[in-house]
Every structure is written in structure tokens, then in C-alpha cells.
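**Q** Quick note: the sequence shown, position 109, residue 337 per our numbering, numbers continuous.
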Amino acid sequence: MKVYSRKKKLFLPVIFLRTTIFILFLSFLPGCGKSTPENNFDSAAWKADPYGCKGERKNLLPELEKMRGELAGTTFRDAKELFGIPEANSLTDKNENIYTYYVEPGLQCQDKSHLSGANKLLVTVNGLGFVKEVRFEVPVKK
Numbered sequence: 229m230k231v232y233s234r235k236k237k238l239f240l241p242v243i244f245l246r247t248t249i250f251i252l253f254l255s256f257l258p259g260c261g262k263s264t265p266e267n268n269f270d271s272a273a274w275k276a277d278p279y280g281c282k283g284e285r286k287n288l289l290p291e292l293e294k295m296r297g298e299l300a301g302t303t304f305r306d307a308k309e310l311f312g313i314p315e316a317n318s319l320t321d322k323n324e325n326i327y328t329y330y331v332e333p334g335l336q337c338q339d340k341s342h343l344s345g346a347n348k349l350l351v352t353v354n355g356l357g358f359v360k361e362v363r364f365e366v367p368v369k370k
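#1: Using the C-alpha atoms, what's the distance from Thr302 back to Gly312?
#2: Nearest to Ala300 by alpha carbon, out of Thr247, Val351, Val331, Glu291?
#3: Suppose you measure from the CA of Glu284 to the CA of Asp321; what does that come to, to the nearest Å?
#4: Please classify Asn347: does DSSP put it in a helix, a strand, or coil?
#5: Is Tyr327 near the ligand COA, with its Cβ less than 8 Å from a heavy atom?
#6: Suppose only complete runs of 3+ residues qualify. What are the beta strand (DSSP E) ranges in the stretch 286 to 351, listed by chain order?
#7: Compute the Euclidean distance between the alpha carbons of Tyr327 and Pro314, then round it to the nearest angstrom.
#8: When the Cα atoms are used, what is the spatial distance from Gly355 to Phe304?
#9: Would you mind working out which of Asn325, Leu289, Leu335, Ala316 sits nearest Pro367, comparing C-alpha positions?
#10: Taking Ser308 as the reference, give the member of Phe364, Ser318, Ser271 with the closest Cα.
#11: Could you please give me the residues that DSSP links to Val353 through a beta bridge?
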């Protein structure tokens, strides 16, 4: 004769409820970030110059510099729409991703598998997918 305890019968609905709440929380999370700032940045020209090899990205830096500070708090999805697929990325010990976009030609134009010393735009994204910081590796001269 099998004996069932009430704890086992209640355990399954509790797991289901917790999982449902967690999924709902995650679905609302992307809507929490602020929107991409209004700007005159030519995203298509930026994306058309992968690795900055054509030198077109350098011409876009003045407009990028105007809006760079306002990108903090947006989602990485918005930043990716603006800048395209990153050329490189790394993970910090704080579980943050740093996405790299070259802004000028360099050795990366000959060998895309190696990082070069050319100036880069670094987009730091926290563990929740929000942009924490947007900076240049070497400050851009105005």
C-alpha cells in the first residue's frame, strides 16, 4: 500500500507558480530600459564600414560623441540596432560584457581574428542586458 504525503502534491504547483512568475518577470524586463536618444547618427554608414577599415566611422565620431553619454541605460538590443554586430567581445569578472567596435583602420583590417591597437568604441553591458557605459579606448580629439 502506497502512502502519499501532502507535501509532494503541493510541491509541483509551487514550482509551476514560481517558474511562471520568473518567466513573466523576464518578459517585462526588456521594456525597463530607456529608449535610444534622438540623434543624427548615420547607423547605416557605421554598419557599412566593418572593422573601421574604410575610414567612414571616423567621420561619424562627432555625432556619436554628442549622444554617447545618453546611451547608458538603454538595452544592448537598442545599441546593437544602432552599431550592428560587434567586432569583438569580452566578459569581465563582474559578469559584464564589453563589446568592441573599431573606429579607425588598423591591423584588424589585414587579420580580423586579432585585436589591433586601433581606437575602439567599447560598449559595456551589465548582466541584465543594459548598457552601462559607452566609451572610446583612446579619447577622441575634438
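For glycine and all other residues, C-beta sits at the position ideal for the given N, C-alpha and C.
**A** In terms of the structure at hand:
#1: Sequence index remark: in the sequence shown, residue 312 carries index 84 (1-based). Sequence index remark: in the sequence shown, residue 302 carries index 74 (1-based). The straight-line gap from Cα to Cα measures roughly 15 Å.
#2: Within the sequence shown, the letter at position 72 stands for residue 300. Selected option, being the one with the closest Cα: Val351.
#3: As a working mapping, residue 284 is identified with position 56 in the sequence shown. As a working mapping, residue 321 is identified with position 93 in the sequence shown. Distance between the alpha carbons of Glu284 and Asp321 is about 34 Å.
#4: In the sequence shown, counting from the first residue as 1, residue 347 sits at position 119. Looking at Asn347 - three-state DSSP - the assignment turns out to be coil, as it is neither helix nor strand.
#5: No copy of the ligand COA appears in this structure; indeed no ligand is present at all.
#6: Unbroken beta strand (DSSP E) runs of no fewer than 3 residues, entirely contained in the stretch 286 to 351, are found at 316 to 319, 325 to 330, following chain order.
#7: Taking the sequence shown and counting its residues from 1, one reaches residue 327 at position 99. Taking the sequence shown and counting its residues from 1, one reaches residue 314 at position 86. So the two alpha carbons sit approximately 6 Å from each other.
#8: Here residue 355 is taken as the residue at index 127 of the sequence shown, counted from 1. Here residue 304 is taken as the residue at index 76 of the sequence shown, counted from 1. Spanning the two alpha carbons is a distance of roughly 11 Å.
#9: Start at 1 with the first residue of the sequence shown, and residue 367 comes out as number 139. Considering only alpha carbons, the answer is Leu289.
#10: In the sequence shown, the residue the question calls residue 308 occupies position 80. One point to set straight first is that residue 308 is Lys, not Ser, in the sequence displayed. Of Phe364, Ser318, Ser271, the residue nearest in Cα terms is Ser271.
#11: For the purposes of this step, residue 353 is taken as residue 125 along the sequence shown, with counting starting at 1. Paired residues: Asn325, Val359.
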